[in-house]
Amino acid sequence: MLILFDLDGTLIDSELGIVAGVRHSLASVGAEAPDDSVLRSWIGPPLRVSFGAVLDGDSERVEAAVEAYSQRFREIGWSEHTVYEGVGDMVSALADAGHRLAIVTSKTRSHAEPIIAHLPFGHLFERIYAPPPSTAHSEKAEMIAAALADFDHPAEDTLMVGDRLFDMEGAVANDVRGLGVLWGFGDREELESAGAWKVVQTPAEIVLLAGEVITG
794 MLILFDLDGT
804 LIDSELGIVA
814 GVRHSLASVG
824 AEAPDDSVLR
834 SWIGPPLRVS
844 FGAVLDGDSE
854 RVEAAVEAYS
864 QRFREIGWSE
874 HTVYEGVGDM
884 VSALADAGHR
894 LAIVTSKTRS
904 HAEPIIAHLP
914 FGHLFERIYA
924 PPPSTAHSEK
934 AEMIAAALAD
944 FDHPAEDTLM
954 VGDRLFDMEG
964 AVANDVRGLG
974 VLWGFGDREE
984 LESAGAWKVV
994 QTPAEIVLLA
1004 GEVITG
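Letter by letter, the sequence shown follows residues 794 to 1009 in the numbering used here.
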(Lines of atoms letter the chains of each structure in order from A and count residues from 1; the text may use other names and numbers.)
(Lines give C-alpha, C1' and ligand atoms only; values in the text may rest on other atoms or scores of the structure.)
Protein backbone atom coordinates (compact mmCIF):
# COMPACT_ATOMS: atom_id res chain seq x y z
CA MET A 1 0.00 0.00 0.00
CA LEU A 2 1.07 3.58 -0.66
CA ILE A 3 0.58 5.77 2.42
CA LEU A 4 0.92 9.55 2.09
CA PHE A 5 1.39 11.67 5.20
CA ASP A 6 0.79 15.31 5.90
CA LEU A 7 3.56 16.81 8.06
CA ASP A 8 2.33 19.56 10.43
CA GLY A 9 -0.32 18.28 12.82
CA THR A 10 0.10 14.71 11.62
CA LEU A 11 3.72 13.68 12.17
CA ILE A 12 4.91 16.69 14.16
CA ASP A 13 3.41 19.27 16.50
CA SER A 14 4.77 22.46 14.97
CA GLU A 15 2.44 24.93 16.67
CA LEU A 16 5.17 26.65 18.71
CA GLY A 17 7.40 27.40 15.73
CA ILE A 18 4.63 28.38 13.32
CA VAL A 19 2.83 30.69 15.74
CA ALA A 20 6.07 32.36 16.82
CA GLY A 21 7.12 32.72 13.20
CA VAL A 22 3.82 34.26 12.15
CA ARG A 23 3.88 36.76 15.02
CA HIS A 24 7.44 37.75 14.10
CA SER A 25 6.53 38.07 10.42
CA LEU A 26 3.46 40.23 10.93
CA ALA A 27 5.29 42.47 13.39
CA SER A 28 8.03 42.99 10.79
CA VAL A 29 5.48 44.54 8.40
CA GLY A 30 3.70 46.55 11.09
CA ALA A 31 0.66 44.31 11.44
CA GLU A 32 -0.94 42.90 14.57
CA ALA A 33 -1.24 39.14 14.76
CA PRO A 34 -4.59 37.49 15.56
CA ASP A 35 -5.09 35.52 18.78
CA ASP A 36 -3.38 32.15 19.10
CA SER A 37 -6.73 30.40 18.64
CA VAL A 38 -6.94 31.95 15.17
CA LEU A 39 -3.30 31.30 14.36
CA ARG A 40 -3.78 27.59 15.04
CA SER A 41 -6.14 27.48 12.05
CA TRP A 42 -3.30 28.81 9.91
CA ILE A 43 -1.38 25.58 10.39
CA GLY A 44 -1.99 23.70 7.17
CA PRO A 45 -2.88 26.27 4.50
CA PRO A 46 -0.12 28.15 2.60
CA LEU A 47 1.17 31.18 4.52
CA ARG A 48 0.58 33.53 1.60
CA VAL A 49 -3.13 32.81 1.82
CA SER A 50 -3.27 33.48 5.56
CA PHE A 51 -1.04 36.57 5.40
CA GLY A 52 -3.13 37.91 2.52
CA ALA A 53 -6.28 37.85 4.64
CA VAL A 54 -4.65 39.89 7.42
CA LEU A 55 -2.76 42.26 5.13
CA ASP A 56 -5.76 43.07 2.90
CA GLY A 57 -4.22 41.36 -0.08
CA ASP A 58 -1.26 43.78 -0.20
CA SER A 59 1.11 41.59 -2.21
CA GLU A 60 4.22 43.60 -1.32
CA ARG A 61 3.61 43.28 2.42
CA VAL A 62 2.61 39.63 2.02
CA GLU A 63 5.91 38.83 0.31
CA ALA A 64 7.84 40.79 2.96
CA ALA A 65 6.07 38.81 5.70
CA VAL A 66 6.79 35.52 3.94
CA GLU A 67 10.48 36.42 3.66
CA ALA A 68 10.63 37.38 7.36
CA TYR A 69 9.02 34.05 8.24
CA SER A 70 11.47 32.14 6.05
CA GLN A 71 14.47 33.91 7.56
CA ARG A 72 13.39 33.08 11.11
CA PHE A 73 12.54 29.55 10.05
CA ARG A 74 16.03 28.98 8.66
CA GLU A 75 17.58 30.25 11.88
CA ILE A 76 15.46 28.55 14.52
CA GLY A 77 11.89 27.83 13.41
CA TRP A 78 12.68 24.54 11.68
CA SER A 79 13.67 23.01 15.03
CA GLU A 80 10.63 24.25 17.00
CA HIS A 81 8.54 21.11 16.85
CA THR A 82 8.01 17.81 18.62
CA VAL A 83 7.08 14.41 17.23
CA TYR A 84 3.67 13.23 18.38
CA GLU A 85 3.77 10.29 20.78
CA GLY A 86 3.54 6.98 18.95
CA VAL A 87 4.23 8.42 15.50
CA GLY A 88 7.77 7.07 15.23
CA ASP A 89 6.67 3.55 16.13
CA MET A 90 3.77 3.81 13.68
CA VAL A 91 5.95 4.89 10.76
CA SER A 92 8.50 2.16 11.50
CA ALA A 93 5.79 -0.50 11.74
CA LEU A 94 4.28 0.55 8.41
CA ALA A 95 7.67 0.48 6.70
CA ASP A 96 8.47 -2.93 8.22
CA ALA A 97 5.15 -4.23 6.87
CA GLY A 98 6.24 -3.28 3.36
CA HIS A 99 4.12 -0.19 2.82
CA ARG A 100 5.60 2.60 0.69
CA LEU A 101 5.62 5.96 2.44
CA ALA A 102 5.78 9.56 1.25
CA ILE A 103 5.05 13.03 2.61
CA VAL A 104 2.61 15.51 1.07
CA THR A 105 2.85 18.90 2.76
CA SER A 106 1.85 22.52 2.21
CA LYS A 107 5.21 23.53 3.68
CA THR A 108 7.62 24.65 0.98
CA ARG A 109 10.26 22.10 0.10
CA SER A 110 13.02 24.27 1.58
CA HIS A 111 11.14 24.29 4.90
CA ALA A 112 10.06 20.65 4.91
CA GLU A 113 13.32 18.95 3.95
CA PRO A 114 15.45 19.97 6.97
CA ILE A 115 12.70 18.89 9.36
CA ILE A 116 12.25 15.50 7.73
CA ALA A 117 16.00 14.96 7.48
CA HIS A 118 16.30 15.34 11.25
CA LEU A 119 13.40 13.05 12.15
CA PRO A 120 14.69 9.70 13.44
CA PHE A 121 12.34 7.99 10.98
CA GLY A 122 12.66 10.53 8.16
CA HIS A 123 14.68 8.15 5.97
CA LEU A 124 11.66 5.84 5.72
CA PHE A 125 9.84 8.28 3.42
CA GLU A 126 10.72 7.66 -0.21
CA ARG A 127 9.56 11.02 -1.54
CA ILE A 128 8.53 14.48 -0.37
CA TYR A 129 5.81 16.40 -2.19
CA ALA A 130 5.91 20.10 -1.37
CA PRO A 131 5.40 23.37 -3.25
CA PRO A 132 8.32 25.57 -4.34
CA PRO A 133 8.95 28.78 -2.33
CA SER A 134 7.38 31.06 -4.96
CA THR A 135 4.05 29.24 -5.06
CA ALA A 136 1.12 31.29 -3.75
CA HIS A 137 -1.14 28.25 -3.42
CA SER A 138 -0.41 24.60 -2.80
CA GLU A 139 -3.08 22.13 -3.76
CA LYS A 140 -2.98 18.84 -1.89
CA ALA A 141 -5.01 17.28 -4.71
CA GLU A 142 -2.30 18.07 -7.26
CA MET A 143 0.46 16.73 -5.03
CA ILE A 144 -1.46 13.53 -4.30
CA ALA A 145 -2.03 13.07 -8.04
CA ALA A 146 1.71 13.52 -8.61
CA ALA A 147 2.46 10.88 -5.98
CA LEU A 148 0.09 8.37 -7.58
CA ALA A 149 1.77 8.95 -10.93
CA ASP A 150 5.33 8.79 -9.60
CA PHE A 151 4.75 5.60 -7.64
CA ASP A 152 2.53 4.21 -10.43
CA HIS A 153 0.17 3.14 -7.67
CA PRO A 154 -3.63 2.65 -7.84
CA ALA A 155 -5.76 5.12 -5.90
CA GLU A 156 -7.80 2.34 -4.31
CA ASP A 157 -4.65 1.01 -2.63
CA THR A 158 -3.56 4.39 -1.26
CA LEU A 159 -4.14 6.25 2.01
CA MET A 160 -3.77 9.99 2.62
CA VAL A 161 -3.22 10.64 6.33
CA GLY A 162 -3.77 14.15 7.66
CA ASP A 163 -5.32 16.39 10.29
CA ARG A 164 -7.05 19.09 8.22
CA LEU A 165 -9.81 19.35 5.64
CA PHE A 166 -7.26 20.12 2.90
CA ASP A 167 -5.83 16.61 3.28
CA MET A 168 -9.24 14.96 3.08
CA GLU A 169 -10.39 17.08 0.14
CA GLY A 170 -7.19 16.23 -1.73
CA ALA A 171 -7.80 12.55 -1.09
CA VAL A 172 -11.42 12.71 -2.25
CA ALA A 173 -10.38 14.51 -5.45
CA ASN A 174 -8.13 11.57 -6.30
CA ASP A 175 -10.46 8.76 -5.15
CA VAL A 176 -7.98 7.98 -2.38
CA ARG A 177 -9.01 6.98 1.15
CA GLY A 178 -8.59 9.98 3.44
CA LEU A 179 -7.60 9.00 6.98
CA GLY A 180 -8.12 11.83 9.46
CA VAL A 181 -6.16 12.10 12.71
CA LEU A 182 -7.46 13.79 15.85
CA TRP A 183 -4.16 14.68 17.55
CA GLY A 184 -3.47 17.58 15.18
CA PHE A 185 -5.13 20.90 14.44
CA GLY A 186 -8.47 19.78 13.00
CA ASP A 187 -11.43 18.06 14.64
CA ARG A 188 -13.75 15.21 13.77
CA GLU A 189 -16.45 17.45 12.29
CA GLU A 190 -13.97 19.19 9.98
CA LEU A 191 -12.45 15.92 8.80
CA GLU A 192 -15.71 14.04 8.27
CA SER A 193 -17.34 17.01 6.52
CA ALA A 194 -14.40 17.04 4.11
CA GLY A 195 -14.96 13.38 3.23
CA ALA A 196 -12.68 11.43 5.56
CA TRP A 197 -12.91 7.67 5.03
CA LYS A 198 -12.15 7.10 8.71
CA VAL A 199 -10.93 9.17 11.66
CA VAL A 200 -8.48 7.82 14.26
CA GLN A 201 -7.41 8.94 17.72
CA THR A 202 -4.01 7.23 17.97
CA PRO A 203 -1.13 6.47 15.57
CA ALA A 204 -1.37 2.75 16.39
CA GLU A 205 -4.80 2.65 14.74
CA ILE A 206 -3.23 3.59 11.41
CA VAL A 207 -1.11 0.42 11.44
CA LEU A 208 -4.20 -1.70 12.11
CA LEU A 209 -6.28 0.01 9.43
CA ALA A 210 -3.55 -0.33 6.82
CA GLY A 211 -3.46 -4.07 7.50
CA GLU A 212 -7.24 -4.34 7.31
CA VAL A 213 -7.37 -2.58 3.94
CA ILE A 214 -4.89 -5.06 2.46
CA THR A 215 -6.57 -8.16 3.89
CA GLY A 216 -10.03 -6.78 3.17
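Don't be surprised by glycine CBs; every beta carbon is placed ideally from N, CA and C.
Simplified DSSP state of residue i, which is helix, strand or coil
{"i": "methionine 961", "result": "helix"}
{"i": "isoleucine 921", "result": "strand"}
{"i": "phenylalanine 844", "result": "helix"}
{"i": "alanine 755", "result": "This structure cannot speak to residue 755, because the chain is shown only from 794 to 1009."}
{"i": "leucine 797", "result": "strand"}
{"i": "leucine 912", "result": "coil"}
{"i": "aspartate 968", "result": "coil"}
{"i": "isoleucine 836", "result": "coil"}
{"i": "glycine 988", "result": "coil"}
{"i": "aspartate 945", "result": "coil"}
{"i": "alanine 890", "result": "coil"}
{"i": "aspartate 806", "result": "strand"}
{"i": "glycine 955", "result": "strand"}
{"i": "glycine 814", "result": "helix"}
Burial state of residue i, where buried means 16 or more other Cβ atoms lie within 10 Å
{"i": "glutamate 873", "result": "buried"}
{"i": "threonine 951", "result": "buried"}
{"i": "alanine 942", "result": "exposed"}
{"i": "valine 831", "result": "exposed"}
{"i": "glutamate 949", "result": "exposed"}
{"i": "glycine 891", "result": "exposed"}
{"i": "serine 843", "result": "buried"}
{"i": "proline 913", "result": "exposed"}
{"i": "histidine 916", "result": "exposed"}
{"i": "leucine 887", "result": "buried"}
{"i": "aspartate 828", "result": "exposed"}
{"i": "histidine 904", "result": "buried"}
{"i": "proline 809", "result": "Going by the sequence as given, residue 809 is leucine instead of proline. So leucine 809 ends up on the exposed side."}
{"i": "alanine 910", "result": "exposed"}
{"i": "aspartate 806", "result": "buried"}
{"i": "aspartate 889", "result": "exposed"}
{"i": "aspartate 960", "result": "buried"}
{"i": "aspartate 956", "result": "buried"}
Selected residue, minimal CA-CA separation from residue i, among the options
{"i": "valine 880", "options": "Leu1002, Glu1005, Phe944, Ala997", "result": "Ala997"}
{"i": "proline 838", "options": "Glu982, Glu962, Ile999", "result": "Glu962"}
{"i": "aspartate 851", "options": "Gly870, Glu906, Asp882, Ala824", "result": "Ala824"}
{"i": "threonine 995", "options": "Leu804, Leu800, Leu797", "result": "Leu804"}
{"i": "leucine 840", "options": "Leu797, Val859, Glu906", "result": "Val859"}
{"i": "valine 1000", "options": "Asp882, Asn967, Lys933", "result": "Asp882"}
{"i": "serine 885", "options": "Glu868, Asp801, Ile796, Ala966", "result": "Ile796"}
{"i": "glutamate 878", "options": "Leu958, Pro907, Gly802", "result": "Gly802"}
{"i": "glycine 870", "options": "Trp835, Ile908, Arg854", "result": "Ile908"}
{"i": "leucine 958", "options": "Lys933, Ala939, Phe944", "result": "Lys933"}
{"i": "arginine 902", "options": "Asn967, Ala813, Pro925, Val965", "result": "Pro925"}
{"i": "valine 876", "options": "Asp799, Ile937, Glu853, Ala813", "result": "Asp799"}
{"i": "valine 965", "options": "Ile937, Asp945, Glu982", "result": "Ile937"}
{"i": "alanine 857", "options": "Val815, Glu868, Trp835", "result": "Val815"}
beta-carbon residue i near the ligand NAD non-hydrogen atom, thresh 7 Å
{"i": "glycine 973", "result": "The model on display carries no ligand, and the ligand NAD is accordingly not part of it."}
Task: Inter-stretch contact (C-beta, 8 Å, three-pair minimum) for the segment 914 to 922 and the segment 890 to 903 - done: When C-beta atoms of the segment 914 to 922 are compared with those of the segment 890 to 903, three or more pairs fall below 8 Å, so the two segments count as touching.
Task: Contact the segment 861 to 869 vs the segment 971 to 988: 3+ CB pairs below 8 Å - done: no
- [ ] Please determine if the segment 810 to 821 and the segment 843 to 859 are in contact, where contact requires at least 3 C-beta pairs separated by less than 8 Å.
- [x] These segments touch.
TODO: Examine the Cβ distances between the segment 982 to 998 and the segment 957 to 972 and report whether three or more of them are shorter than 8 Å.
DONE: yes
Task: alpha helix (DSSP H) runs contained entirely in the segment 852 to 888, provided each spans 4 or more residues - done: 852 to 868
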